[in-house]
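Novice: Numbering follows the numbering used here, with no gaps: position 168 of the sequence shown is 168.
Beta carbons: idealized from backbone N, C-alpha and C, even for Gly.
Take this structure, written in structure tokens, and hold onto it; I'll ask about it next.
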Amino acid sequence: MTGRDNVLWLQCWRDRRTDFHQHAVNPLLAKFWPKLALAQGSRVFVPLCGKSLDMIWLAGQGYAVVGVELSPIAVRAFFSENKLKPVRRQRGQFTLWQHANISILCGDYFALTQADLGRIDTVYDRAALTALPEDLRKQYVGQLGRIVPETAQVLLLTTEDAEAGDTLEQTLGIAEEITALYAEAYEIELAHVESVFGADPESPERTEYKVYRLSAKPDSGWGRGSQPIHR
Ligand SMILES: C[S@@+](CC[C@H](N)C(=O)[O-])C[C@H]1O[C@@H](n2cnc3c(N)ncnc32)[C@H](O)[C@@H]1O
């Protein structure tokens, strides 16, 4: 069954309301990815991938990229805008689009199984967790725990707005929500924080761009081996 949020995302792509799309590779990816020291040929999962150019960058570094994206408009645009000619075939509930070392499963992330994804070594999340409404984020993280092996690390990029009353320590540290969602299963390292202030110099408004590196805690046993969530 298609959830309400899925309908909204599909409509976003139809209406071309895609301001989240970045027209260049994310500089924080290029800066922090090498620190993961992944072997060439490693398989990288990009959940809720849109038509992100970050996938082109990852593939260019010698990794096999596996994205999942709800909207066929996004997937088609990704391949055509990058002048790639993918092969398309049906894989259970998903349409698999594939060109060289880039595969995108078109369908619902929450319906994915481990078998759909195959081996995954690392997860790259930019605007995936944070694209979802807060009440779905726990399910997103639970689903991740079921479909990627516990050895997989996660590079998580977030954009966080300070809440009224937050101390500077809270604003610049690991967000409470990230701890609540991931600390049970992962060691959380905050690798980078970049503050961007609002245009008005009188305003205290600021946004923090953060890079988290999550490494699975050994034997947490968390979320593994259960069935995917069907909403
Ligand atoms: C904020 S965008 C981010 C896209 C990409 N990560 C980027 O950096 O450009 C979120 C994307 O997730 C997709 N999406 C939302 N819910 C999804 C779901 N349940 N399964 C698969 N994709 C989903 C949307 O269609 C949208 O393209």
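1. In three-state terms, what does DSSP make of Gly142?
2. With distances taken from CA atoms, which of Asp200, Leu181, Ala111 and Glu205 is nearest Asp166?
3. From Asp161, Ala180, Pro72 and Leu181, pick the residue whose C-alpha is nearest to that of Leu172; which is it?
4. Quick one: what does DSSP say Ile104 is sitting in, helix, strand or coil?
5. Do you know whose CA, among Val68, Glu177 and Trp57, lies nearest Ile188's CA?
6. If distances are taken between C-alpha atoms only, which option among Gln153, Asp54 and Ile56 comes closest to Ala216?
7. Does the Cβ of Gln22 lie closer than 7 Å to at least one heavy atom of ligand 1?
8. Return the CA-CA distance between Ile147 and Tyr109, expressed in angstroms with no decimal places.
9. Buried or exposed, going by whether 16 or more other CB atoms sit within 10 Å of the CB of Phe234?
10. Spatial neighbours of Arg4 within its chain, please: C-beta separation below 6 Å, excluding the five flanking residues on both sides.
11. Would a C-beta distance cut-off of 8 Å place Gly107 and Val68 closer than the cut-off?
12. Whole angstroms are fine: how far does the CA of Thr159 sit from the CA of His99?
13. Apply the 10 Å Cβ neighbour rule to Lys83 and answer buried if 16 or more other Cβ atoms are within range, or exposed otherwise.
14. Output yes or no for whether 8 Å exceeds the beta carbon distance between Leu53 and Val25.
15. For Thr207, which beta-bridge partners are listed by DSSP?
16. At what residues does the beta strand (DSSP E) containing Gly50 begin and finish?
17. Under 8 Å by Cβ, that's how I've got Gln90 and Gly62 pegged, so tell me the actual separation to the nearest angstrom.
18. Where DSSP assigns a beta bridge to Arg237, which residues make up the other side?
19. Does the beta-carbon of Val196 have 16 or more other beta-carbons within 10 angstroms, so that it is buried, or is it exposed?
20. Is Trp9 close to ligand 1? I mean its beta-carbon at under 7 Å from any heavy atom of the ligand.
21. Does the distance from the CB of Leu70 to the CB of Ala131 come in under 8 Å?
22. How many Å lie between Thr151 and Leu96 at the Cα?
23. Buried or exposed for Phe20, please, with buried defined as at least 16 other CB atoms from any protein chain shown within 10 angstroms of its CB.
24. Does DSSP classify Asp187 as helix, strand or coil?
Specialist: By the coordinates alone:
1. Sequence index remark: in the sequence shown, residue 142 carries index 142 (1-based). Here Gly142 sits in helix by DSSP.
2. Position 166 of the sequence shown, counted from the first residue, corresponds to residue 166. Nearest C-alpha to Asp166: Glu205.
3. By 1-based counting over the sequence shown, the position of residue 172 is 172. Nearest of Asp161, Ala180, Pro72 and Leu181 to Leu172, Cα basis: Asp161.
4. Position 104 of the sequence shown, counted from the start, is the residue given in the question as residue 104. Three-state DSSP puts Ile104 in a strand.
5. Residue 188 sits at position 188 when you count from the first residue of the sequence shown. Looking from the CA of Ile188, the closest CA among Val68, Glu177 and Trp57 belongs to Glu177.
6. Counting from one through the sequence shown, the residue named residue 216 turns up at place 216. Ala216 has its Cα closest to that of Gln153, out of Gln153, Asp54 and Ile56.
7. On the sequence shown, residue 22 is found 22 positions in, with the first residue counted as 1. Checking the Cβ of Gln22 against ligand 1 gives yes.
8. Taking the sequence shown and counting its residues from 1, the one referred to as residue 147 is at position 147. Taking the sequence shown and counting its residues from 1, the one referred to as residue 109 is at position 109. In a straight line, the C-alpha of Ile147 is about 10 Å away from that of Tyr109.
9. Because the chain here runs from 1 to 231, residue 234 falls outside it and cannot be looked at.
10. Here residue 4 corresponds to residue number 4 of the sequence shown, with the count starting at 1. Result list for Arg4: empty, nothing under 6 Å.
11. Mapped onto the sequence shown, residue 107 falls at position 107. Mapped onto the sequence shown, residue 68 falls at position 68. Yes, the pair counts as a contact, with Cβ atoms nearer than the cut-off.
12. For the purposes of this step, residue 99 is taken as the residue at position 99 of the sequence shown. For the purposes of this step, residue 159 is taken as the residue at position 159 of the sequence shown. Taking the straight line joining both Cα atoms gives about 31 Å.
13. As a first step, residue 83 is located in the sequence shown; it is residue number 83 there, counting from the start. Lys83 should be labelled exposed.
14. Numbered from its first residue, the sequence shown carries residue 53 at position 53. Numbered from its first residue, the sequence shown carries residue 25 at position 25. Leu53 is a Cβ neighbour of Val25, given a cutoff of 8 Å.
15. As a position in the sequence shown, residue 207 is number 207, starting the count at 1. Thr207 is bridged to Asp161 and Val196.
16. As a working mapping, residue 50 is identified with position 50 in the sequence shown. It is not in any beta strand (DSSP E) - Gly50 carries neither H nor E in the DSSP assignment.
17. For this step, residue 90 is matched to residue 90 along the sequence shown. For this step, residue 62 is matched to residue 62 along the sequence shown. 29 Å between Cβ atoms; not a contact.
18. Outside the shown range of the chain (1 to 231) lies residue 237, about which nothing can therefore be said.
19. Mapped onto the sequence shown, residue 196 falls at position 196. Exposed.
20. One-based indexing of the sequence shown puts residue 9 at position 9. Within the cutoff, so yes.
21. Taking the sequence shown and counting its residues from 1, the one referred to as residue 70 is at position 70. Taking the sequence shown and counting its residues from 1, the one referred to as residue 131 is at position 131. No, the pair does not count as a contact, with Cβ atoms beyond the cut-off.
22. Taking the sequence shown and counting its residues from 1, one reaches residue 151 at position 151. Taking the sequence shown and counting its residues from 1, one reaches residue 96 at position 96. Computed Cα separation, rounded: 25 Å.
23. The residue given as residue 20 occupies position 20 in the sequence shown. So Phe20 ends up on the exposed side.
24. For the purposes of this step, residue 187 is taken as residue 187 along the sequence shown, with counting starting at 1. As written in the sequence, residue 187 is Glu, which differs from the Asp given in the question. If DSSP states are grouped into helix, strand and coil, Glu187 belongs with the strands.
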